[in-house]
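Undergrad:
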Amino acid sequence: MAIEASTKPNIVSDFDDDDDDGPVVFKRSNTAAKQNQVNSEGKKPSSSTANGQNANTQKGKTTVPFSKASPMRSPPPSLKASSSSAKGSPAKSPVLTSKTPSPLDDRLKQSPQPNASSLDKKEDGSVSNGLENDDEDFEDHKPLSARLKGNNNNANRGPSAPKADTSPISRINVKSAFDDSDDEAPLSSRFPKSCGGTSGGKHSDPDEKKPLTSKLQQNGSTTLDKRQKSSFGSIKRPLDKVSSTGTSSAKKPKVSNTYTEMKVKQVSVKAEQKADDDDHIPIAQRMKKSISSDIKANSTKITKVTKVDSSSSKKINKKSKKIIKNSKYSKSTKMLPSSGDGQKKWTTLVHNGVIFPPPYTPHGVKMLYKGKTVDLTPEQEEVATMYAVMLETDYMQKPKFKENFWTDWRKLLGKNHVIQNLTDCDFKPIYDWHQQQKEIKKQMNSEEKKAVREEKMKQEEKYMWAIVDGVKEKVGNFRVEPPGLFRGRGEHPKMGKLKKRIRPSDITINIGEDAPIPECPIPGESWKEVKHDNTVTWLAFWNDPINPKEFKYVFLAASSSLKGQSDKEKYEKARKLKDYIESIRASYTKDFTSKDVSRRQIAVATYLIDKLALRAGNEKDDDEADTVGCCTLKVGNVECIPPNKLKFDFLGKDSIQYVNTVEVELPVYKAIGQFQTGKKQNDDLFDKLDTAKLNAHLKELMPGLTAKVFRTYNASITLDEMLSKETKEGDVAEKIVVYQTANKEVAIICNHQRSVSKSHGAQMTRLTEKIEELKGVLKDLKIDLDRARKGKPPLKDSDGKRKRNLTPEAIERKIAQTDVKIEKMERDMKTKEDLKTVALGTSKINYLDPRITVAWCKRHEVPIEKIFNKSLLAKFAWAMDVDPEFRF
DNA sequence: CAAAAGACTTGCACCGACAAAA
DNA sequence: TTTTGTCGGTGCAAGTCTTTTG
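Numbering-wise, this note's numbering comes out as the position in the first sequence, counting from 1, plus 13.
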């Protein structure tokens, strides 16, 4: 098949890019994009997918522009796909009108009882959602949202009303949602349609698709170590794809098919330098070289890459190419492992350790105590500065913060220090000094800033990459956390405590047995320990200074193959739940009335997790903020509102408030009442339950099932269903609005919130003023229209000048334009208000199966770049070649 | 079996770069 | 040009869940 076609050139280039060393990030994309375009034009589809690229590519340093709208690299079949897609989304039903057709309906039918969910907002803006749903009992397959929809009372309607209680939550109304959407239109974008569409591949064979390219890219990055003997499959991302539409299986069993291997030349990575070297040029060069040769070889495109994997040889063989078409190769280790093999996560691992923050440089600015300057040692000054810098934050309003800070700082001052209490301290001089420093930094011109950035880059470069099984991968957090004052969220008992500086002797390194041990960056010191554990993915860890029983790990970046794989497995597990959900729901429904209290609690808890997307709720220690999840709900967190509504109000993860009033099935309502009787407000609602028991039970229902899978499942199925139902013919901007609306729905279900920006109020005020102004204009125009019709001249404008005489028709046109403008502004305002407390990003990053998005983009010719930014494209590289017909 | 360890995912805030508006 | 607003990236806290330990 043509598929393979990746042209070599591309490949090469890609590599080069990579070589650039990391920095250039998106070049690839560019290239990729180009390729795509090209393809679309007629060339072969190579899918240069993001896949490969990402992993390595990223880097970015410079910003390379990256492709603009490159269409997705759609798989060959694209054309069809697209067309098909059209059909794919069968329902084109008009969105607005129909209320959400499906879900509700279905449910309705199914279940008799409606629920309503309503959200409430809080006045302060905090959201709460009360959703009222009408849901029916179960709609098994239906996404929560769907169920929820039921009633929406709240429609979000009031556009302008700022506070309308409409709150975000209104998810339910479809209509309303749409309305919003309209507003949103922002994305105007145009894009190349060409691309999007995908090409024409015809068949949909999944396999065929473009895999090759992707692979290639990935490979590109790789470098091999010479020493390694193991085979290097350099392939980057394993994406194994699933065969066509995802059969889910992919995950574990992996088989790797062919690997594409690039040839990588191997660089030898030598010890210290290695990484650097490689990065720099080597790889690229190598790659190129090899590649070039290859290229020559085949004039045609090559699809496959080859690599050498030499096993032991370090040399390069050039290539053995394999064809890959579909294959996805997996990396050897990764794929397989998961499923069964032991738990091996990697075979070879090379990296340079971590980078430490610079030592403290005393500034010498004196703080005041009882009005007089005080001399502090550098150590004392360092901590005082940490506090001074936070003078304008909300932490200063928290007594606990001050108390904890004082306790720790006093230890440094000593009992007999002049400073005897915090109240008489004045940190203002240090605060001012700090503000000044910030200002100076801000004033630097771009040249200087660039120089600073480059200098930093240069120092950090070697730490940014790791070579995992011969593939160069980005490291996530290679910077050791600097000392500071602990900023716990909510009412954390430890806020304000000094988080001490981490030293090499606190750090344990995990690295391949054959890899050189990273040199300790601080002279005279050494690592706490060096391990070679290939059953874990961390590169290093240290104990959290605030809570010594906990660890801080250094992992690979999200764009890495290792992370991509587990991400994919996560979604496959959630998809599997689809096959079980019906019976699980039937099962817990039956247990609502079980005689066994424990069983009843499990049933109700599972119901809440499924229906409301609550988190499991592990037990917490006393030295943590007091937040809860499903299993740890307190009696006082749930209020029974006759006849069958429950009002939830509690602080969840990150002390984010969850407020929601929801209608539930009568047995659930009664069961909750029973669980509450005879208990105090602060007692556990589910006294016979904890997450271990709950998850153990869930595992009996479906292998590997845990509470969090429900969140992933409900989020993804909601997106999938909303997209397929609501997407209609139209331009890209409209489709994007549909996507955002669905995304928003999911965010609301998951209670993903964000704080209202400080300027929100001012922004709304400004918009209101503008609208008022336009309305004034409108009024004048209407008067002028009247006058014009009577042959009188228009009124003078505000400056007293005479306006031009216009024909009534011209004035009518102006009026119409102004009306449109006002409507748009009002819609924009409403959208802004609606979204002011809703965070869309979290669900996009963690809960929505990217294959849903990618497939939808392919079907509807929406450039994936319109939905996923650069980092998401990199993170979801494994999902890029999904079949356009993929459904969650 | 429960508690402690350990490993990994999820989530919000902040910050700087850049774009759009004034 | 200056100010304002958005967005991507980073930082690191806070969850979930598994495995080990006693």
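We put the beta carbon where it would ideally sit given N, CA and C, even for glycine.
The model shown is predicted, which means the values in this text are computed figures rather than measured ones.
#1: State the Cα-Cα distance for the pair L590 and M715, rounded to the nearest angstrom.
#2: Quick one: is I522 buried, meaning 16 or more other Cβ sit within 10 Å of its Cβ, or exposed?
#3: Which same chain residues end up closer than 7 Å to F699 when comparing Cβ atoms and leaving out the 5 residues on each side of it in sequence?
#4: Going by other Cβ atoms of all chains shown within 10 Å of its Cβ, with 16 needed for buried, is V465 buried or exposed?
#5: Can you give me the C-alpha to C-alpha distance between K837 and V751, rounded to a whole angstrom?
#6: Alpha carbon to alpha carbon, how far is D580 from L718?
#7: What would DSSP say about Y752, mapped onto helix, strand or coil?
#8: From F414 to D636, what distance separates their C-alpha atoms?
#9: V902 and A553: beta carbons closer than 9 Å?
#10: Could you give the distance in angstroms between the alpha-carbon of T602 and the alpha-carbon of R612?
#11: State buried or exposed for I535, treating a residue as buried only when at least 16 other CB atoms are found within 10 Å of its CB.
#12: Taking just the CA atoms, how far does Q766 sit from W891?
#13: My output table needs one value for D793: the three-state DSSP class, helix, strand or coil.
#14: Do T640 and V481 come within 9 Å of each other at the CB atom, strictly closer than that value?
#15: Excluding the five sequence neighbours on either side, which residues of its own chain have a C-beta within less than 7 Å of the C-beta of L435, listed in chain order?
#16: Roughly how far, in whole angstroms, is the beta-carbon of E632 from the beta-carbon of N657, given that I think they are within contact range, below 8 Å?
#17: Going by alpha carbons, who is nearest to L569 out of K888, F901 and E898?
#18: Enumerate in chain order the residues of its own chain whose CB-to-CB distance from D519 is below 7 Å, with the five nearest sequence positions on each side excluded.
#19: From this set, I880, A868 and K428, which residue's C-alpha is nearest D894's C-alpha?
#20: Have a look at R516, S770, P561 and L861 and flag the residue whose alpha-carbon is nearest the alpha-carbon of L736.
#21: Between which two residues does the beta strand (DSSP E) harbouring K660 extend?
#22: If we require 3 or more residues per run, which beta strand (DSSP E) segments fall completely within the region 536–601?
#23: Short check: CB of L511 to CB of V396, under 9 Å?
#24: How would you call G525, buried or exposed, if buried means at least 16 neighbouring beta carbons within 10 angstroms?
#25: Can you check the region 727–772 for any alpha helix (DSSP H) of at least 4 residues that lies completely inside it and give the ranges in chain order?
#26: Which of the three DSSP states is assigned to V675 in this structure?
#27: Do you know whose CA, among I597, N695, T674 and K683, lies nearest V648's CA?
#28: For a quick check, are the C-beta atoms of F899 and I865 less than 9 Å apart?
#29: Classify C533 as helix, strand or coil using the three-state DSSP reduction.
#30: Output needed for Y620: all residues of its chain with C-beta closer than 7 Å, excluding positions within five of it in sequence on either side, in chain order.
#31: Which same chain residues end up closer than 7 Å to H710 when comparing Cβ atoms and leaving out the 5 residues on each side of it in sequence?
#32: Put D847 into one of helix, strand or coil per three-state DSSP.
#33: Using the DSSP secondary-structure output, state which residues sit across from Q356 in a beta bridge.
#34: How should L808 be labelled, buried or exposed, when 16 other C-beta atoms within 10 angstroms of its C-beta is the threshold for buried?
#35: Using the three-state DSSP reduction, which class does R492 fall into: helix, strand or coil?
#36: Buried or exposed: where does E532 fall if 16 or more other Cβ atoms within 10 Å of its Cβ makes it buried?
TA: On the basis of the data shown:
#1: 7 Å
#2: buried
#3: Q614, A618, C644, L646 and F688
#4: exposed
#5: 17 Å
#6: 15 Å
#7: helix
#8: 14 Å
#9: In this structure the chain extends from 14 to 901, so residue 902 is not present and cannot be described.
#10: 11 Å
#11: exposed
#12: 28 Å
#13: helix
#14: no
#15: K415 and W419
#16: With a Cβ gap of about 30 Å, E632 and N657 do not count as contacting.
#17: K888
#18: K541, W555 and N556
#19: A868
#20: L861
#21: K658 to L664
#22: 542–544, 553–556 and 564–567
#23: yes
#24: buried
#25: 745–762
#26: strand
#27: N695
#28: yes
#29: coil
#30: Y601 and V681
#31: I615
#32: helix
#33: According to DSSP, Q356 bridges with nothing at all.
#34: exposed
#35: strand
#36: exposed
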